[in-house]
Amino acid sequence: MGRQKMYLEKLSRFFQIRNLLLRQALAECLGTLILVMFGCGAVAQLVLSGGSHGMFLTVNFAFGFAATLGILVCGQVSGGHLNPAVTFALCLLGRERWRKFPMYFLFQTIGAFFGAAIIFGMYYDALWDFPGSFNMTGPGNTAGIFATYPGKHLTIVNGFFDQIIGTAALIVCILAIVDPYNNPIPQGLEAFTVGFVVLVIGLSMGFNSGYAVNPARDLGPRLFSAMAGWGSGVFTMRKGWFLVPIFAPFLGTIIGVMIYQLMVGFHVEGEVRDKLSMEEENVRLANVNTKDNPKEGTKETY
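Numbering (this note's numbering), first residue to last: 62 to 363.
What follows is the structure in structure tokens.
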């Protein structure tokens, strides 16, 4: 045991990364990998089994619990964003430095890419056994296992609006969860609450296009599916639909931040600020009174 412990300590020292931002980005990569691996895995089971091993409800539960697990894995290191839209929101509010945004976005996308790759490898034989699985059209289309695609009824404009609403709802709820002034969630339960938010959004807003509301979760698996056999069709289908889940969530983030701050955030922060100002004023007045009325010295005894 002693020798094993010594070797493990040497390995730890050798692989330790001292750059904080890189450590945080790697943690985001792993957390997003877990999100996509479990979430897309549930979609793969549903599609490839023809519905015998899953349903729309199980996919939503899988993504909700996957978000919880991803946050638990990386939350203490990086904050557990798992979503560039969340990082963008926190940067807008000044709670994160802007240099984190491109780094987190890149590594979240990489994590999503490898999460999709794991599911592809796991269900490789099932994909080949599925008739016409690598075709972008028809009943055998399986590209939706990895990335989101619009329903037949959905236009680009409506899809853009769909992603804005979904992301704004996500950001409003997350800001409420992490706001220390607004009924803060007990420490350690934030991940479960965020997972519940993802579940609710999926149950109520998943019909149109699969509720990506996360540019990295959509872009990473889409890039992988393009390389794995589905080709450039993943980018050209429906007149460039792939741009919608990349850009619309950021606009939804801006709207979500504005709504939360204007309707809740500024007010609860103002109450705390006013309370602190009153306490400081009371302390200042108490100090002034103490200086104006010094304690009487001890009387001499004759």
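Using N, Cα and C, we set each Cβ at its ideal position, and we do this for glycine too.
Going by alpha carbons, who is nearest to residue i out of the options?
i, options, result
"Met288", "Phe174, Ala128 and Arg158", "Phe174"
"Gly212", "Tyr272, His142 and Val138", "Tyr272"
"Pro245", "Gly63, Glu330 and Lys71", "Glu330"
"Ile235", "Ile179, Gly100, Gly141 and Leu118", "Gly141"
"Pro276", "Val233, Val295, Thr228 and Tyr321", "Thr228"
"Gln224", "Glu157, Gly313 and Gly256", "Gly313"
"Gly172", "Phe222, Ile217 and Ala86", "Ala86"
"Arg299", "Met197, Thr170 and Phe117", "Met197"
"Phe117", "Met266, Phe75 and Val218", "Met266"
"Ile226", "Met339, Phe308 and Lys352", "Phe308"
"Ile217", "Val239, Thr129, Thr297 and Asn348", "Thr297"
"Phe327", "Asp240, Asn350 and Met67", "Asp240"
"Gly182", "Ile320, Val325, Cys101 and Leu337", "Cys101"
"Cys364", "Phe268, Ser338 and Gly131", "The structure shown does not extend to residue 364, since the chain is modelled only from 62 through 363, so no value can be given for it."
"Thr129", "Val258, Thr351 and Asn348", "Val258"
"Phe268", "Thr254, Gly292, Asn219 and Glu342", "Asn219"
"Leu94", "Arg278, Gln65 and Val344", "Arg278"
For a quick check, are the C-beta atoms of residue i and residue j less than 8 angstroms apart?
i, j, result
"Leu260", "Tyr184", "no"
"Ser286", "Phe191", "no"
"Ala252", "Asn243", "no"
"Ala177", "Val138", "no"
"Phe311", "Phe166", "no"
"Phe99", "Ala127", "yes"
"Ser270", "Leu346", "no"
"Gln193", "Gly205", "It should be noted that the sequence gives Gly, not Gln, for residue 193. No, the pair does not count as a contact, with Cβ atoms beyond the cut-off."
"Leu133", "Leu96", "no"
"Ile180", "Ala123", "no"
"Leu231", "Lys161", "no"
"Val233", "Gly155", "no"
"Phe221", "Gly290", "no"
"Gln264", "Asn121", "For the record, residue 264 in the displayed sequence is Leu; it is not Gln. Going by C-beta atoms, Leu264 is nearer than 8 angstroms to Asn121."
"Thr203", "Leu188", "yes"
"Cys135", "Gly92", "yes"
"Gly115", "Ala103", "yes"
"Ala146", "Val274", "yes"
"Gly249", "Gly125", "no"
What residue does the alpha helix (DSSP H) around residue i start on, and which one ends it?
i, result
"Asp240", "That residue, Asp240, is in no alpha helix (DSSP H); it is neither H nor E in DSSP."
"Ala287", "Here Ala287 belongs to no alpha helix (DSSP H), and DSSP marks it neither H nor E."
"Glu70", "Gly63 to Phe76"
"Ser139", "Phe117 to Ser139"
"Tyr321", "Val305 to Tyr321"
"Lys213", "Here Lys213 belongs to no alpha helix (DSSP H), and DSSP marks it neither H nor E."
"Met98", "Leu81 to Leu109"
"Gly172", "Lys161 to Met183"
"Pro145", "Pro145 to Leu153"
"Met324", "Met324 -> no alpha helix (DSSP H), and no H or E assigned at all."
"Met266", "Glu251 to Met266"
"Phe207", "No alpha helix (DSSP H) contains Phe207, which DSSP labels as neither H nor E."
"Phe195", "First-last for Phe195: undefined, no H or E at that position."
"Val295", "Gly294 to Thr297"
Checklist entry - Within the chosen definition, does the stretch 299-309 reach the stretch 275-283 through at least 3 CB pairs nearer than 8 angstroms? => result Enough Cβ pairs lie closer than 8 angstroms, so yes.
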